[in-house]
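Residue numbers (the numbering used here): 47 to 127.
Each residue gets a CB set at the ideal place from its N, CA and C atoms; glycine is no exception.
Computed from a predicted structure; not experimentally measured.
Structure, as structure tokens:
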């Protein structure tokens, strides 16, 4: 048995199965997916803020590298003044 996070294919399969169980059409666009997610969150009484109200957070190795690059650039600008 493998451990770790589910694959993207597993997440899509799970989402499709849950849509089918709930009698919902699987969304065909990002906008439709966002609307469905928001409606289901509200119907379920989810306590978190709406997705559009939460700031987007970059993640992963590339985001950390960009953040490090930004810090280095900022330090360089300060030193040049």
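* Are residue 72 and residue 62 close, meaning C-beta to C-beta below 7 Å? -> yes
| request: Give me the Cβ distance between residue 82 and residue 70, rounded to the nearest whole Å; I'm assuming they're in contact under 8 Å. | output: 7 Å
- Task: Let me know the secondary structure DSSP gives residue 84 once reduced to three states.
- Result: Annotated three-state conformation of residue 84 is helix, per DSSP.
### Message
Measuring straight from C-alpha to C-alpha, what distance separates residue 86 and residue 103?
### Response
23 Å
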